[in-house]
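Residue numbers (this note's numbering): 1 to 232.
We put the beta carbon where it would ideally sit given N, CA and C, even for glycine.
Treat the numbers as computed from the prediction; the structure is a model and nothing was measured.
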Amino acid sequence: MEIEELKRLLEIDAKSVLSRKVEPFGTEYDIVKHELAKIRTLNISERTFEVPGLTRNLELVCQVLAEFKEKEKRNIMPLQYAKSDDIVLMQLRPEHVGENFTYKRDITLAAGKYVGTFNVIPPTAGKLTVPTKQIFIITDIIELSPTAPLTAVQVVDVDGVSQYPIEATLITKATDMQVFEFPHPVIADATLDIDGKVESKTAGATVTTYAFPVGVWIGYGKDVPALARPGA
Numbered sequence: 001m002e003i004e005e006l007k008r009l010l011e012i013d014a015k016s017v018l019s020r021k022v023e024p025f026g027t028e029y030d031i032v033k034h035e036l037a038k039i040r041t042l043n044i045s046e047r048t049f050e051v052p053g054l055t056r057n058l059e060l061v062c063q064v065l066a067e068f069k070e071k072e073k074r075n076i077m078p079l080q081y082a083k084s085d086d087i088v089l090m091q092l093r094p095e096h097v098g099e100n101f102t103y104k105r106d107i108t109l110a111a112g113k114y115v116g117t118f119n120v121i122p123p124t125a126g127k128l129t130v131p132t133k134q135i136f137i138i139t140d141i142i143e144l145s146p147t148a149p150l151t152a153v154q155v156v157d158v159d160g161v162s163q164y165p166i167e168a169t170l171i172t173k174a175t176d177m178q179v180f181e182f183p184h185p186v187i188a189d190a191t192l193d194i195d196g197k198v199e200s201k202t203a204g205a206t207v208t209t210y211a212f213p214v215g216v217w218i219g220y221g222k223d224v225p226a227l228a229r230p231g232a
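1) Can you name the residues that DSSP bridges to Pro213?
2) Taking the C-alpha atoms as reference points, what is the distance between Gly221 and Ser200?
3) For Val130, which of helix, strand or coil comes out of DSSP?
4) Starting from Glu181, follow its DSSP beta bridges and name the residues at the other end.
5) Name the residue from Thr129, Pro213, Val224 whose alpha carbon lies nearest to the alpha carbon of Thr102.
6) Hey, quick one: how far does the alpha helix (DSSP H) through Phe68 stretch, first residue to last?
7) Tell me which same chain residues have a C-beta within less than 8 Å of the C-beta of Ala226, skipping the five on either side of it?
8) Can Tyr114 be considered in contact with the ligand NAD, in the sense that its beta carbon sits closer than 7 Å to one or more heavy atoms?
9) Would you kindly work out how many angstroms separate the C-alpha atoms of Lys83 and Lys73, rounded to a whole number?
10) Where DSSP assigns a beta bridge to Ala188, which residues make up the other side?
11) For Leu128, which residues from the same chain have a beta carbon less than 6 Å from its beta carbon, with the 5 sequence-adjacent residues on both sides left out?
12) How many angstroms separate the CA atom of Thr132 from the CA atom of Asn100?
13) Let me know the secondary structure DSSP gives Gly160 once reduced to three states.
14) Going by beta carbon distance, what residues of the same chain come within less than 8 Å of Ser162, once the five residues before and after it are set aside?
15) Taking Leu144 as the reference, which of Glu167, Ala125, Ala174 has the closest Cα?
16) Per DSSP, what kind of secondary structure is Thr208 in: helix, strand or coil?
17) Does DSSP put Gly221 in a helix, in a strand, or in coil?
18) Pop quiz: Val88 and Gly219 are said to be a contact at Cβ under 8 Å. What is the actual Cβ separation, rounded to whole angstroms?
19) Take every Cβ of the region 35-52, pair it with every Cβ of the region 17-25, and state whether three or more of those distances are shorter than 8 Å.
20) Give me the Cα-Cα distance between Thr55 and Arg40, rounded to the nearest whole angstrom.
21) So who's on the other strand from Met90, going by DSSP bridges?
22) Just the Cα atoms here: how many angstroms apart are Leu150 and Gly196?
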């Protein structure tokens, strides 16, 4: 996202744009806030955890959605009650990236090397093409592998614009979780490329990372992906 786009988004009065009443849920703004409250709160190892980047940027997410609504001239509905031509917001899922896509990745380091890089999104070299009339917003990356090999995350490309080495900041490091927060949300509606860096104490080792992006997906009810079928 270019800085001019960000400035434009920040000037949007999301509460006013999303003021349409949807009984019995309140306004569209209320629907969005309710959904974001669920997405930003995770339960990990029997503890409740609020995702920092998403929590910090809740209003910006609302502004992105408000702009999308104004462009599309369609209504926003809770996912459970949405029709195919309604706009919905939901947690970003692996299925948004690709069918049977998984965030678990086994990375084999080169011989004699203790570090290596891999593709977080997409899972292969190149860029992920975001489908038409869909928006990905990513605020954080969480590593859940017990060995925690992930040490850095970098945005390479957003909407065809190459990025300087913008790394997410490691703000939480526990025995069962690491949280990396991007300085600003990654907002993509065309292309996206995010890479990660892994390390090992053993040269040439194979490490397992479970790094998943935390964020939201905006699109139409008809484009909500089905759950992937194991082994399909």
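Walking through what the data contain:
1) Ile141
2) 42 Å
3) coil
4) Asp140, Thr169
5) Pro213
6) 58-72
7) Glu95
8) This structure lacks the ligand NAD; in fact it carries no ligand of any kind.
9) Looking at the two C-alpha atoms, the distance is approximately 15 Å.
10) Phe136
11) Ile121, Pro122, Leu192
12) 21 Å
13) coil
14) Val156
15) Ala174
16) strand
17) helix
18) 7 Å
19) no
20) 6 Å
21) Trp217
22) 7 Å
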